[in-house]
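*Asks:* Would you mind keeping the following structure in view while I ask a few things?
The structure is reproduced here in structure tokens:
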């Protein structure tokens with residue numbers, strides 16, 4: 020019964036859309052969103068330079084606007100669940116009205132072979148690189164972890 024529920028859940032998630040595309044949201048492959056190329060990874064390079072986050076979930080914008088084509092990297096860490104049993108997932112991405120909107124959440128890790136996880140919360144690092152090859156660089160970046168806005172910043 021548990022296996023059937025997990026398979027049904029995986030099938031539902033595998034068809035979730037990312038800005039209208041049938042690409043699974045946990046891919047590390049580039050994805051197009053409104054003229055920009057997006058790459059999501061469950062890692063980031065270096066430490067986050069966030070001085071006063073006000074909570075455990077953090078995100079920052081790394082501007083690389085001088086490159087050709089210009090790009091933005093959003094690096095963050097979502098604190099939710101044990102590292103071995105959950106993972107961060109890019110749930111939603113959109114580029115509209117001069118704003119890049121990213122929403123991430125944690126979900127069960129289908130690659131985990133652990134039956135029971137401890138209840139110790141672990142941070143889940145991630146990075147989202149957005150290359151603006153055929154789209155203008157947005158004016159603002161908004162990052163949400165689940166329903167909470169953790170970053171709203173001008174570019």
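In my numbering, the protein residues as written are 20 to 174. Glycine included, C-beta positions come from ideal geometry on N, C-alpha and C. Every value quoted in this text rests on a predicted model; they were computed, and no experiment measured them.
1) Am I right that residue 56 and residue 152 are in contact with their C-beta atoms under 8 Å? What's the rounded C-beta distance?
2) For residue 172, is the beta carbon positioned less than 7 Å from some heavy atom of the ligand ATP?
3) Tell me where the beta strand (DSSP E) around residue 63 begins and ends.
4) Specify the secondary structure class of residue 99 as computed by DSSP and reduced to three states.
5) Assign residue 155 to one of two classes, buried (16 or more other C-beta atoms within 10 Å of its C-beta) or exposed (fewer than that).
6) Quick one, which of 93, 115, 173 has its alpha-carbon nearest residue 67's?
7) Between residue 120 and the rest of its own chain, which residues show a CB-CB distance below 6 Å, the 5 nearest in sequence each way excluded?
8) Could you tell me the distance, in whole angstroms, from the CA atom of residue 127 to the CA atom of residue 157?
*Replies:* On the basis of the coordinates in this document:
1) Your numbering for residue 56 matches position 37 in the chain shown. Your numbering for residue 152 matches position 133 in the chain shown. With a Cβ gap of about 6 Å, residue 56 and residue 152 count as contacting.
2) Looking at this structure, you won't find the ligand ATP or any other ligand, since it has none at all.
3) Against the chain shown, residue 63 aligns to sequence position 44. Element bounds for residue 63: n/a, residue is neither H nor E.
4) For the purposes of this step, residue 99 is taken as the residue at position 80 of the chain shown. In the structure shown, residue 99 sits in coil (DSSP, three-state: anything other than H, G, I, E or B).
5) Walking along the chain shown from the start, residue 155 turns up at place 136. Residue 155 comes out exposed.
6) As a working note, residue 67 is residue 48 in the chain shown. The residue with the shortest Cα to Cα distance from residue 67 is 93.
7) Locating residue 120 in the chain shown gives position 101, where the first residue counts as 1. Closer than 6 Å at the Cβ level, and outside the excluded window around residue 120, lie 113, 161.
8) Position 108 of the chain shown, counted from the start, is the residue given in the question as residue 127. Position 138 of the chain shown, counted from the start, is the residue given in the question as residue 157. When rounded, the distance between both Cα atoms is 32 Å.
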